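Numbered according to the numbering used here, the sequence shown spans residues 11 to 202. Backbone N, C-alpha and C define an ideal beta-carbon position, used for all residues, glycine too. Note that the structure is predicted; figures quoted are calculated from it, not measured.
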Amino acid sequence: MASSGDRKFPERTNQPLSPPTPIVHSNQTPTKRVLITSLLAGVIGGGAGFVSKHRKAHPNIPTIYATNFAIVAGCYCGAREFVRITRRSEHDDLMNSVVGGLFSGALLGRLQGGPQGALRYSLVFAAMGTACDYAFLRAKPMLESFRNKDSLKLPEWSPIQVLDEEALAKKKAQEQKIFPERVLGRLNKEES
């Protein structure tokens with residue numbers, strides 16, 4: 011047996027270990043993101059069912075479409091969020107969409123179309139899910155610019171104008187001046 015003095019250990023430094031990569035939390039939890047997306051897909055599916063040509067033959071087709079869209083969106087978004095949390099990646103990482111689409115498509119394809127359906131569905135889900143996520147990421151800056159109130163200004167020639175504080179106070183004073191005249195005018199007409 012060798013004594014502990016014979017062993018050569020590398021010198022330890024007193025520097026702290028780097029912390030693990032944090033999961034960036036946004037104002038929405040993964041459950042809210044999945045639920046909101048599923049509900050939105052259900053509404054879109056119901057709308058597609060309402061305009062479907064099969065609606066006359068099958069009156070409950072909007073309900074069927076809405077349910078199927080919500081199930082597909084819930085499964086896809088749930089798998090995507092699971093992959094994002096497992097990989098500890100950001101929300102805008104498209105690899106989450108690819109892997110989530112492969113998993114959810116394989117699961118739903120296996121249930122719907124057997125072993126051959128699993129491969130087809132997984133490829134379709136990965137392609138369509140990634141395309142939708144990519145399109146949303148590209149459209150997100152444009153949607154955020156619409157949310158900004160300063161970017162929505164009416165042209166100067168428009169009869170509808172947003173008044174500043176001075177103009178609003180002037181208009182209110184003018185209305186208060188005119189209001190008693192209107193009321194007195196109505197009273198005079200009723201007395202005659």
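What do you get for residue i, buried or exposed, if any count of 16 or more other CB atoms within 10 angstroms of its CB means buried?
i: ASN106; result: buried
i: ARG148; result: exposed
i: LEU153; result: exposed
i: PHE135; result: buried
i: THR39; result: exposed
i: SER177; result: Residue identity differs from the one stated: residue 177 is Ala in this sequence, not Ser. By the 10 Å Cβ count, ALA177 comes out exposed.
i: THR41; result: exposed
Hey, residue i and residue j: beta-carbon distance below 8 Å or not?
i: TYR144; j: SER114; result: no
i: VAL93; j: GLY110; result: yes
i: ALA89; j: TYR75; result: no
i: GLU84; j: SER132; result: Correcting the residue identity first, residue 84 is Gly in this sequence and not Glu. No, they are not a contact pair.
i: ALA51; j: VAL82; result: yes
i: GLU91; j: VAL44; result: yes
i: PRO69; j: PHE60; result: no
i: GLY55; j: ASN78; result: yes
Indicate the three-state DSSP secondary structure (helix, strand or coil) for residue i in the structure shown.
i: ASN70; result: coil
i: LEU164; result: coil
i: LEU173; result: coil
i: GLU91; result: helix
i: GLU203; result: Missing from the structure shown is residue 203; the chain here goes from 11 to 202 and no further.
Among the options, whose alpha-carbon lies nearest the alpha-carbon of residue i?
i: PRO151; options: GLU185, ALA137, ASP102; result: ASP102
i: LEU104; options: ARG130, CYS142, GLN184; result: CYS142
i: GLY127; options: THR140, THR41, LEU112; result: LEU112
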